[in-house]
Amino acid sequence: MKIRKFQESDRISLIELWTVVFPSDPLHNKPSTVVSAKLAVDDLIFVAEQGGQLIGACMAGYDGHRGWLYSVAVLKEHRRSGSGAALVKYAIQTLKTIGCIKVNLQIRSTNAEVAAFYQALGFSVEDRLSMGRFI
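Heads up: the sequence shown begins at 1 in my numbering, then just goes up one per residue.
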């Protein structure tokens with residue numbers, strides 16, 4: 001498995017990956033829109049490939065204060081192989097090299113399996129209230 005930054009030639013495969021892994025995401029998270037919007041800001045999209053196939057992806061953000069992980073995804077048949085952990089560690093290391101000292105992420109409160117995955121990587125639940133507003 002190889003982890004690297006997204007390349008334009010990955011676009012279709014990345015959109016397909018996110019569509020498969022996040023089938024019930026709301027319309028504002030439409031993968032084709034997200035990829036274009038992210039690349040208009042920066043290039044912090046990372047992909048994992050194996051045998052020429054995109055098997056995972058992760059988007060990261062950094063605002064100069066803290067970093068964020070978004071849309072971490074691994075195809076079901078490649079989970080529990082270390083791919084997701086490697087992808088997250090790669091993204092964290094990249095954020096660290098640009099000055100980030102803390103990384104945050106959000107998951108659905110009902111997703112115990114994903115919570116356990118992140119806790120195994122050193123993340124902990126913080127007493128925060130997540131709020132949002134569509135503009």
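Even glycine gets a Cβ: it sits at the ideal position worked out from N, Cα and C.
The beta strand (DSSP E) that contains residue i, what's its start and end?
i, result
"Ser71", "67-74"
"Leu54", "53-62"
"Leu17", "No beta strand (DSSP E) contains Leu17, which is instead part of the alpha helix (DSSP H) from 11-21."
"Val47", "45-50"
"Leu129", "Here Leu129 belongs to no beta strand (DSSP E), and DSSP marks it neither H nor E."
"Leu105", "103-105"
Answer with buried or exposed for residue i, where buried requires no fewer than 16 other C-beta atoms within 10 angstroms of its C-beta.
i, result
"Ile45", "buried"
"Ala73", "buried"
"Ala60", "buried"
"Ala91", "buried"
"Ile55", "buried"
"Pro23", "exposed"
Do you know offhand how far residue i's Cα is from residue j's?
i, j, result
"Asp63", "Cys100", "9 Å"
"Val35", "Ile3", "18 Å"
"Asp43", "Thr97", "14 Å"
"Asp215", "Tyr70", "Here the chain comprises residues numbered 1 to 135, so residue 215 is not present and cannot be evaluated."
"Thr110", "Arg133", "21 Å"
"Asn29", "Leu17", "13 Å"
"Val114", "Leu121", "11 Å"
Could you check where the alpha helix (DSSP H) with residue i kicks off and where it finishes?
i, result
"Ala114", "What sits at residue 114 in the sequence shown is Val, not Ala. Segment 112-120, the alpha helix (DSSP H) holding Val114."
"Gln93", "83-97"
"Leu39", "31-41"
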